[in-house]
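Undergrad:
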Amino acid sequence: MTEVEEAVAAAFRAEWGRVVATLIRMTGDWDLAEECAQDAFATALTRWSADGVPNRPGAWLTTTARNRALDRLRRSKTEAAKLQEVAALSVPGEPAGGDESGVADDRLRLIFTCCHPALTLEARVALTLRTLAGLTTAEIARAFLVPEPTMAKRLTRAKQKIRDAGIPYRVPPAHLLPERTGGVLAVLYLLFNEGYSASAGDDLLRPGLSAEAIRLGRLLAGLMPDEPEAAGLLALMLLQDARSAARLDGTGELVSLEDQDRSRWDQAEIVEGRALLEAALRRQRAGPYQLQAAIAACHSDAVQARDTDWAQIALLYERLRRFIPSAVVELNRAVAVAMAEGPAAGLVLVDSLAANGELTGYYLLPATRADLLRRLDRKAEAAACYRQALGLAGTEPERRYLSRRLAEVGGAPA
Amino acid sequence: MRYMLLMCGEVAADDNAPEPEPVTGEPEEPCWMPWAREMKERGVLLHDGAQLQHASTATTVRTSGDEVLVADGPFAETKEQILGYDVIECADLDEAIYAASRHPVARSGGVVEVRPIYRW
Chain Y
0 MTEVEEAVAA AFRAEWGRVV ATLIRMTGDW DLAEECAQDA FATALTRWSA DGVPNRPGAW
60 LTTTARNRAL DRLRRSKTEA AKLQEVAALS VPGEPAGGDE SGVADDRLRL IFTCCHPALT
120 LEARVALTLR TLAGLTTAEI ARAFLVPEPT MAKRLTRAKQ KIRDAGIPYR VPPAHLLPER
180 TGGVLAVLYL LFNEGYSASA GDDLLRPGLS AEAIRLGRLL AGLMPDEPEA AGLLALMLLQ
240 DARSAARLDG TGELVSLEDQ DRSRWDQAEI VEGRALLEAA LRRQRAGPYQ LQAAIAACHS
300 DAVQARDTDW AQIALLYERL RRFIPSAVVE LNRAVAVAMA EGPAAGLVLV DSLAANGELT
360 GYYLLPATRA DLLRRLDRKA EAAACYRQAL GLAGTEPERR YLSRRLAEVG GAPA
Chain F
0 MRYMLLMCGE VAADDNAPEP EPVTGEPEEP CWMPWAREMK ERGVLLHDGA QLQHASTATT
60 VRTSGDEVLV ADGPFAETKE QILGYDVIEC ADLDEAIYAA SRHPVARSGG VVEVRPIYRW
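Chains as they are written, first to last, in numbering that gives the first Met the number 0: chain Y, 0 to 413; chain F, 0 to 119.
1. Looking at chain F, is there any beta carbon in it that lies within less than 7 Å of the beta carbon of residue 163 of chain Y?
2. What residues from the region 83-116 of chain F come within 9 Å of chain Y, judged by C-beta to C-beta, listed N to C?
3. By how many angstroms is the C-alpha of residue 43 of chain F removed from the C-alpha of residue 294 of chain Y?
4. Return the Cβ separation of residue 48 of chain Y and residue 3 of chain Y in integer angstroms, given the expectation that the two are a contact with Cβ distance under 8 Å.
5. Using beta-carbon positions only, say whether residue 64 of chain Y and residue 31 of chain Y come within less than 7 Å of one another.
6. Rounded to whole angstroms, what is the Cα-Cα separation between residue 198 of chain Y and residue 327 of chain Y?
7. Which value, in whole angstroms, describes the spacing of the CA atoms of residue 9 of chain Y and residue 139 of chain Y?
8. Quick one: what's got a C-beta closer than 6 Å to residue 31 of chain F's C-beta in the same chain, skipping five residues either side?
9. Excluding five sequence neighbours on each side, which residues of the same chain lie with their C-beta closer than 6 Å to the C-beta of residue 278 of chain Y?
10. Quick check: the Cα distance between residue 5 of chain F and residue 73 of chain F, rounded to an integer number of angstroms?
11. Looking at chain Y, is there any beta carbon in it that lies within less than 7 Å of the beta carbon of residue 3 of chain F?
12. Does the Cβ of residue 302 of chain Y have 16 or more other Cβ atoms within 10 Å, making it buried, or fewer, making it exposed?
13. Who are the near neighbours of residue 375 of chain Y in its chain, counting only those whose CB is closer than 6 Å to its CB and skipping five residues on each side?
14. Give the DSSP-derived three-state secondary structure of residue 201 of chain Y in the structure shown.
15. Tell me whether the beta-carbon of residue 61 of chain Y lies closer than 7 Å to the beta-carbon of residue 21 of chain Y.
16. State yes or no: is the C-beta of residue 108 of chain Y within less than 7 Å of the C-beta of residue 170 of chain Y?
17. Measure the C-alpha to C-alpha separation of residue 254 of chain Y and residue 305 of chain Y and round it to an integer number of angstroms.
18. If you measure beta-carbon to beta-carbon, which residues of the region 174-191 of chain Y are closer than 8 Å to chain F?
19. Which of the three DSSP states is assigned to residue 42 of chain Y in this structure?
20. Got a sec: is the Cβ-Cβ distance from residue 7 of chain Y to anything in chain F below 7 Å?
21. Residue 238 of chain Y and residue 229 of chain Y - do their beta-carbons sit closer together than 7 Å?
22. Would you mind telling me which residues of chain Y sit closer than 7 Å to residue 0 of chain F, beta carbon to beta carbon, in chain order?
23. By Cβ distance, which residues of its chain are closer than 7 Å to residue 104 of chain Y, with the 5 residues on each side in sequence left out?
24. Does the region 88-98 of chain F touch the region 52-63 of chain F, meaning 3 or more C-beta pairs lie closer than 8 Å?
25. Inspect the beta-carbon positions of residue 398 of chain Y and residue 391 of chain Y and report whether they are closer than 7 Å.
26. Can you give me, in chain order, the residues of the region 110-144 of chain Y that have a beta carbon less than 9 Å from any beta carbon in chain F?
27. For residue 5 of chain F, which residues does DSSP report across the bridge?
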């Protein structure tokens, strides 16, 4: 890569979302905004070679993209509406923000619009990756294991709905902000988890998606400095991502948390995640992401698995349950209780979860039960549960892990 | 933007419908009136709206060539039926969602479908 190509690539990562976001505000046309942003980056390749890299690449790219939009709108000035758009675009300088929330960064408008609850979750994720992160349709299709035309259609439909149904391009007003912020955080965390543990297929890790989620999380936390949950989510993603190298062994086998080589955890990510979490917690507005980050931090703090403060983790899950009253959270609490007070205490909780039937079909329920039974030396029952879990597990490494455990308790292969 | 709010909900089958309460004294304010007032205060324009009679009074009409096919009943045989509608004018989908969320039908177990209306 030449120096200019590197500069354009760096600008793409840093500025794509900003350029598109600004162009959408100016033109109200998502396709036009994307096309003009693309043009601007292509132009940069030739112009920066000739004239040198500008001092403020972002401003250069935005101006270039805006001029391109202006040209295109002028050429198609058949309707009065287009002329109005041209007039609006011709005004130099940045138009006033005008959001009730007082937040003016266009990228924040873009992310809230991409994550609007009137769009399907799939559409929200795809749109965020395309318009804000700048992934190509082909890349997004690959990441979600769907054919490219399917993904293209999904993106087109989402943009059509935004336009036709009148989804506003703005940061929600104060009374909607907490709820909508939760929606944005959920999209980013889903993206992270898609990368961290693929829900289907052979690749347990799709680090590309996790890295994008962290990048977007960093952006959001920067744009919403008064929202401790945004920092909490970023901290959570960093603390989990820090363990990704140790999560698989040399042959691609899944390694449980207690067996992981902790020297392979990424210390830089842990330090950053911890600092973010501590700053967020000082605001005294705990939420589900801060609590989950706090749980991840308990693991990071333990130099060896046996140093883990499971009693603290069980308490954190208890608090988390108030925000997320889900059976999965309760299952995790059961694991922590089992570690703090012994497998029998955990088994009581797991059995009552199994009895209420909410987690039927979720492989971690029989897998957890199996692990507790194994520790209680109830081998035959443990083997039965491992077999049950094997029938439900999604990814190959998960299945291989369960098969190994099954063999350990003397069960025949499923 | 102009939206139609379609009020949907479960309706009791005609046979089981309770007898209408006899009206005595001053007629009560319809349940949607406070909603209409709140919308007006927010600058949401109500163009039109009505409560529909029971779905058992519905007739569906199709055509096949020159033939007109008439059938008894609503177009979809589901438990949930269209109970009424409102046509509103407001800034964007967020406002329309707010209007829908405040409507008595949404507040009493029903569902409100928000549909943008074409403007030519």
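Note that beta-carbon positions come from the ideal geometry of N, C-alpha and C, so glycine has one too. All values reported here derive from a predicted model rather than from experimental measurement.
TA: According to the data block:
1. What you label residue 163 of chain Y is simply residue 164 of the first sequence in a count that begins at 1. Output row for residue 163 of chain Y: interface = yes.
2. Residues of the region 83-116 of chain F with a C-beta less than 9 Å from any C-beta of chain Y: 89, 90, 91, 92, 93, 94, 95, 96, 97, 113, 114 and 115, listed in chain order.
3. Start at 1 with the first residue of the first sequence, and residue 294 of chain Y comes out as number 295. Start at 1 with the first residue of the second sequence, and residue 43 of chain F comes out as number 44. Taking the straight line joining both Cα atoms gives about 46 Å.
4. The residue given as residue 48 of chain Y occupies position 49 in the first sequence. The residue given as residue 3 of chain Y occupies position 4 in the first sequence. Contact holds; Cβ gap of about 5 Å.
5. Position 65 of the first sequence, counting from 1, holds the residue named residue 64 of chain Y. Position 32 of the first sequence, counting from 1, holds the residue named residue 31 of chain Y. Not a contact, by the Cβ cut-off of 7 Å.
6. Sequence index remark: in the first sequence, residue 198 of chain Y carries index 199 (1-based). Sequence index remark: in the first sequence, residue 327 of chain Y carries index 328 (1-based). Residue placement at residue 198 of chain Y cannot be trusted, given a pLDDT of 45 that sits under 50; what the coordinates show is reported in the next sentence. Cα to Cα, the separation comes out at about 16 Å.
7. The residue labelled residue 9 of chain Y in the question sits at position 10 within the first sequence. The residue labelled residue 139 of chain Y in the question sits at position 140 within the first sequence. The alpha-carbon atoms of residue 9 of chain Y and residue 139 of chain Y are separated by roughly 20 Å.
8. Locating residue 31 of chain F in the second sequence gives position 32, where the first residue counts as 1. For residue 31 of chain F, where only same-chain residues beyond five positions count, the Cβ hits under 6 Å are 103.
9. Within the first sequence, the letter at position 279 stands for residue 278 of chain Y. Here the set comprises nothing.
10. Indexing the second sequence from 1 puts residue 5 of chain F at position 6. Indexing the second sequence from 1 puts residue 73 of chain F at position 74. Straight-line Cα distance between these residues: approximately 14 Å.
11. If you number the second sequence from 1, residue 3 of chain F lands on position 4. So no, residue 3 of chain F is outside the interface.
12. Residue numbering aside, residue 302 of chain Y sits at position 303 when the first sequence is read from its first letter. So residue 302 of chain Y counts as exposed.
13. Start at 1 with the first residue of the first sequence, and residue 375 of chain Y comes out as number 376. Answer for residue 375 of chain Y: 342, listed in chain order.
14. Along the first sequence, one-based indexing puts residue 201 of chain Y at 202. Low confidence applies here, because residue 201 of chain Y scores a pLDDT of 46, under 50, leaving its location unreliable and the question unanswered by this model.
15. Start at 1 with the first residue of the first sequence, and residue 61 of chain Y comes out as number 62. Start at 1 with the first residue of the first sequence, and residue 21 of chain Y comes out as number 22. Pairing residue 61 of chain Y with residue 21 of chain Y gives a Cβ-Cβ distance under 7 Å.
16. For this step, residue 108 of chain Y is matched to residue 109 along the first sequence. For this step, residue 170 of chain Y is matched to residue 171 along the first sequence. Yes.
17. Here the question's residue 254 of chain Y lines up with position 255 in the first sequence. Here the question's residue 305 of chain Y lines up with position 306 in the first sequence. CA-CA distance, residue 254 of chain Y to residue 305 of chain Y, rounds to 16 Å.
18. 175: these are the residues of the region 174-191 of chain Y whose beta carbon lies less than 8 Å from some beta carbon of chain F, given in chain order.
19. Numbered from 1 along the first sequence, position 43 holds the residue referred to as residue 42 of chain Y. Residue 42 of chain Y falls in the helix class under three-state DSSP.
20. For the purposes of this step, residue 7 of chain Y is taken as the residue at position 8 of the first sequence. Not an interface residue.
21. Within the first sequence, the letter at position 230 stands for residue 229 of chain Y. Within the first sequence, the letter at position 239 stands for residue 238 of chain Y. The criterion of a C-beta distance shorter than 7 Å is not satisfied by residue 229 of chain Y and residue 238 of chain Y.
22. As a first step, residue 0 of chain F is located in the second sequence; it is residue number 1 there, counting from the start. Residues of chain Y passing the Cβ test: 165.
23. Residue 104 of chain Y sits at position 105 when you count from the first residue of the first sequence. Correct list, in chain order: 222.
24. No: the two stretches stay apart, fewer than three of their Cβ pairs being nearer than 8 Å.
25. Taking the first residue of the first sequence as 1, we reach residue 398 of chain Y at position 399. Taking the first residue of the first sequence as 1, we reach residue 391 of chain Y at position 392. No, Cβ-Cβ distance for residue 398 of chain Y and residue 391 of chain Y is not below 7 Å.
26. Result list: 115, 116 and 117.
27. Position 6 of the second sequence holds residue 5 of chain F. Answer by DSSP bridge pairing, in chain order: F:84 and F:112.
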